[in-house]
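Since the structure comes first, as structure tokens, the remarks are kept for the end.
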Amino acid sequence: GGVGIAEAYPIAKALKREGNIVLTIIGARNKDLLTMTEAMKQVSDDLFITTDDGSYGRMGFVTDQLKEMLEKSVKADRVITIGPAIMMKAVSDITKKFGISTVASLNPIMIDATGMCGACRVSIGGKTKFACVDGPEFDAHEVDFDQLLSRLDMYKNSEKISDHKCKLVKD
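Printed below as a string of structure tokens:
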């Protein structure tokens with residue numbers, strides 16, 4: 021929750037500076053995980069905040085807010101989605117129904133930043149791309165999110181092991 025806010029800030033700032041109307045939706049699991057809310061207010065015409073637990077802003081997901089806005093005829097020329105892959109997939113599914121151009125900023129594991137290792141390989145429109153050199157921004161409606169989610173899960177067990185805290189020696 022909240023992992024895409026810092027990356028969204030310079031994008032929103034640049035869009036606003038160029039005269040665009042910027043409607044921003046940010047969310048996190050709870051209020052303690054929200055960051056940069058004041059900074060985002062400064063670069064947004066309207067800022068909508070959601071928390072999964074309702075501890076700040078609207079209770080629910082950013083996708084709930086997005087869907088409600090689009091159903092109420094809020095006009096959007098483009099949606100930029102940044103954050104967890106599962107959330108970006110949900111955003112893409114919603115915007116596709118409304119025919120809105122959508123950009124997803126993918127964040128797969130990137131090791132060498134040259135594409136040679138292949139860790140950041142993603143399927144975009146049926147073609148293999150490397151997020152570290154071809155992206156990380158892609159047309160969200162072309163991203164194979166199911167493949168991306170599967171690849172991201174490949175390292176879950178290794179991540180759990182690396183996060184393990186040794187309890188053999190007490191501090």
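First residue of the sequence shown: 21, per the numbering used here; consecutive thereafter.
Where a beta carbon is used, it is the ideal one built from N, C-alpha and C, also for glycine.
Check each candidate in the options and name the one with the smallest Cα separation from residue i.
i: G24; options: V94, K149, M107 and L43; result: M107
i: D213; options: M130, R37, V111 and G22; result: Residue 213 falls outside the range modelled here, since the chain spans only 21 to 191, and no answer is possible.
i: N50; options: E162, Q167, D164 and V82; result: V82
i: Q62; options: N177, R78 and A34; result: A34
To which residues of the same chain is residue i closer than 6 angstroms at the C-beta, ignoring the five residues directly before and after it?
i: S125; result: I102, P156 and E157
Kindly indicate which three-state DSSP category residue i falls into: helix, strand or coil?
i: M108; result: helix
i: T57; result: helix
i: K147; result: strand
Take the Cβ of residue i as the centre, count every other Cβ of all protein chains shown within 10 Å, and call the residue buried at 16 or more, exposed below.
i: S64; result: buried
i: G74; result: exposed
i: V94; result: exposed
i: N127; result: buried
i: K109; result: buried
i: I181; result: exposed
Report all residues from its chain with a CB closer than 8 angstroms to the CB of residue i; omit the five preceding and five following residues, and keep chain order.
i: N213; result: Residue coverage of the chain in this structure runs from 21 to 191, which leaves residue 213 outside it and unanswerable.
i: M60; result: I25, A28, Y29, A32, T44, I46 and L67
Just to confirm my understanding: we take residue i, look at its own chain, exclude 5 residues before and 5 after, and list those with CB closer than 7 angstroms. What are they?
i: L86; result: I45, V111 and I114
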